[in-house]
Every structure is written in C-alpha cells, then in structure tokens.
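Mapping of the sequence shown onto UniProt numbering: residues 1 to 278, in sequence order.
C-beta: ideal position from N, C-alpha, C; glycine also.
Take a look at the structure set out below.
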Amino acid sequence: MKQPSKPMQWARSAIENNLTILTILAVIIGVGLRYIADPHTFSNNKEIIKEIGNFILITFVVGFIYENFVNYRYKHEFIHEIENILSNKFNLPISKVYLQRPELNEKAELMKQATKEIIEFGTALRTFTSYMKSNLSFHTSDGQAGRYRDLIEQRLSEGIVIRCMVLSPEVAAVLEPYEPGLKAKIEESLTYLLEFQKSVEGKGTFEVIQYRTIPRYAAICIDGEQKGSKMLLSPYVPNVENAKVPAYLIEKTKEETLFQVYWISIKNIIKDQKKEVL
C-alpha cells in the first residue's frame with residue numbers, strides 16, 4: 001500500500017492531536033460565516049457563504065463526536081478484546097496484583113508458605129536487606145509476629161534452603177554510568193549478607209548467587225519445582241522507580257505458562273552464572 005506523503009502524515013497527526021481545539025475554532029468560524037450570511041449584514045453571495053459555514057461547522061462537529069464517542073467506544077472494545085485474548089493465552093487472571101511494592105506482612109506470609117526453597121531474586125536486594133536490618137514487626141494471618149530476620153532464621157532452622165540472587169558488582173560497574181551508585185548499593189548488600197551467613201552458620205543452607213546478566217525483573221519464588229509453587233513477580237519498567245512498579249503474585253497451578261517463563265529464567269541464571277555458597 002502506498003504510504004501518504006510526509007506533509008499529509010503531519011496534517012493527519014495535527015488534526016488527530018488537536019481535534020478538540022480545531023472543533024472549537026470550526027464552530028466559531030462556522031457561526032461567524034452564518035452571521036456574515038445574514039441579510040442584515042451582507043446580502044451578496046450570502047447563500048454561498050452560509051453553505052461554507054454550514055460545511056465547516058458540520059464537518060468538524062461530526063468528526064469530534066465520532067472521535068470522542070463512537071471511535072472511543074470501538075477503541076475500548078478492541079482493547080478489551082485484546083485483554084481477553086491475552087488472559088486466555090496465559091491462563092490469567094493473575095492471582096493477585098499489587099499496585100506498588102508489597103508490604104512486609106505480605107512478603108512474610110509468602111515466606112511462611114515455603115516447604116523446600118525460597119529464592120530472593122533482584123538487583124541489589126535492598127528491600128530484603130533493609131527488612132533484615134529493621135526492627136519492624138511483621139504479622140501473618142496465622143497470628144505469628146516478629147522481626148523479618150527472625151522469620152528467615154526460623155525458616156533456615158526448619159530446613160528451608162534460601163538463595164539470594166544479586167547482580168554481580170562487576171556487571172554493576174558497567175551499568176554505573178546509567179545507574180550511579182548501583183555498584184556501591186550491591187556491595188553494601190553483599191557485606192550484610194556475608195555477616196548474616198556467619199550468624200546462621202550450621203543452622204541451614206543459605207546461598208548467595210552473583211549473576212552476570214542484565215536484570216529485567218525482581219522476584220520472590222517459593223518451591224519452584226513443586227506443584228504448589230508461587231512467585232511474587234515485579235518486571236522492571238524503564239524510567240519508573242522499581243518501588244512503584246506493580247507486582248504480581250502468580251501460582252504454578254493457575255498460571256503455569258507465565259510461571260514457567262520466569263522460573264526457567266531463574267534456573268538458567270543459577271546454572272550459568274558463578275555461584276558462591278556462603
């Protein structure tokens with residue numbers, strides 16, 4: 001199909017983006033021309049002027065009504081249809097959606113459900129380490145309350161394997177021009193995790209994996225290989241602060257296709273990257 005010329009494309013874009021303003025101007029011009037066509041003002045060629053005014057008035061008003069009411073409805077119906085298609089494709093809806101970073105209680109609730117393994121996957125794991133350092137108390141639905149660090153120690157003592165996956169400082173150094181201070185944040189987290197490892201030595205399996213690929217999401221995954229696996233997933237969005245990106249709780253039994261995409265990613269990173277067992 002022949003593409004419209006650049007001037008025509010520009011004109012079309014200008015009309016679409018400024019239709020409301022153009023409609024107001026058209027109404028003013030149309031009414032003005034009809035006034036000019038009034039026999040009490042100018043009598044010469046008044047019918048021609050009147051028809052021009054009618055044409056301008058009707059053309060833009062009808063266009064405005066179509067774009068903002070009729071076409072608007074069709075657009076939303078189309079978007080709704082696409083959402084339905086995607087929902088069917090990925091076995092959605094998602095189990096739960098958090099508009100921003102989940103709270104301490106919600107993460108503690110997920111941690112308590114693990115029967116084999118907990119994986120904390122992120123860039124610097126700043127939230128995880130800040131919770132561990134904090135004296136803030138969590139409260140879960142079964143009535144348990146306490147510090148987040150105490151919960152992690154409890155889970156380790158119960159035989160749960162905990163793996164923390166952090167971006168390698170060497171890779172962070174490459175990203176430093178785009179994310180100033182990232183390397184220092186990661187090194188600070190690693191220092192704390194090493195100290196924590198020493199304090200729980202002999203109480204369970206605690207690992208830190210320094211992966212060497214560009215992070216595109218953060219996740220907390222429990223029991224990835226088990227039937228009842230769950231993952232709290234937060235895909236990164238460019239130019240949006242990570243704490244403000246929505247998070248999605250996905251369950252293997254309900255959203256298997258989507259779950260497996262990210263679980264395979266985590267497994268491949270564990271397999272391919274250098275791993276340090278602390």
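With DSSP as the reference, label residue i as helix, strand or coil.
i, result
"TYR211", "strand"
"ILE160", "coil"
"LEU99", "coil"
"PRO235", "strand"
"VAL166", "strand"
"ASP142", "coil"
"GLN273", "coil"
"LYS227", "coil"
"PHE259", "helix"
"TYR192", "helix"
"LYS254", "coil"
"VAL174", "helix"
"GLU201", "coil"
"GLU241", "coil"
"GLU179", "coil"
"LEU86", "The predicted position of LEU86 is uncertain, since its pLDDT is 48 and thus under 50; no value can be drawn from it."
Once the 5 residues before and after residue i are set aside, which same chain residues still bring their CB inside 8 Å of it?
i, result
"GLU170", "ARG212"
"LYS227", "LYS252, THR253"
"THR140", "ASN105, ALA108, GLU109, LYS112"
"VAL237", "VAL245"
"ASP142", "LYS112"
Using a threshold of 8 Å, state whether the C-beta atoms of residue i and residue j are closer than that.
i, j, result
"VAL208", "LEU193", "yes"
"GLY204", "GLY146", "no"
"PHE138", "ALA108", "yes"
"TYR217", "TYR178", "no"
"LEU167", "ALA124", "yes"
"ARG149", "MET132", "yes"
"ARG155", "ILE119", "no"
"TYR98", "PRO246", "yes"
"ILE222", "GLU103", "no"
"PHE121", "ILE214", "no"
Using a 10 Å radius around the Cβ and a threshold of 16 neighbouring Cβ atoms, would you call residue i buried or exposed?
i, result
"GLN100", "exposed"
"ASP272", "exposed"
"LEU249", "buried"
"ALA243", "exposed"
"TYR184", "The sequence shown places Ala at residue 184, not Tyr. Burial call: exposed."
"LYS252", "buried"
"ALA219", "buried"
"ALA172", "buried"
"MET1", "Low confidence applies here, because MET1 scores a pLDDT of 42, under 50, leaving its location unreliable; read the following figure in that light. When all chains shown are included, MET1 counts as exposed."
"GLY202", "exposed"
"ILE186", "buried"
"GLY224", "buried"
CB-CB under 7 Å to residue i, same chain, minus the five flanking residues each way: which ones, in chain order?
i, result
"LYS89", "Summary for LYS89: the model assigns pLDDT 49, below 50, so the residue's position carries little reliability, and this model does not support an answer."
"ILE270", "ILE209"
"ASN135", "ARG147"
"VAL200", "GLU153, LEU156, PHE206"
Residues in its own chain within less than 6 Å of residue i by CB, not counting five upstream and five downstream?
i, result
"THR127", "none"
"LYS230", "ILE222, GLU251"
"THR129", "SER189, TYR192"
"LEU86", "Any reading at LEU86 needs caution, since the residue's pLDDT is 48, under 50, leaving its predicted position unreliable; the model's value is listed next. Nothing meets the Cβ criterion."
"VAL161", "GLU117, THR205"
Identify every residue that forms a DSSP beta bridge with residue i.
i, result
"GLU117", "VAL161"
"SER137", "ARG147"
"ALA218", "SER234"
"ALA247", "TYR98"
"PHE128", "None; PHE128 has no bridge partner."
"PHE206", "ILE162"
Using a Cβ-Cβ cut-off of 8 Å, state whether residue i counts as contacting chain D.
i, result
"LYS252", "No chain D is part of this structure, which consists of one protein chain only."
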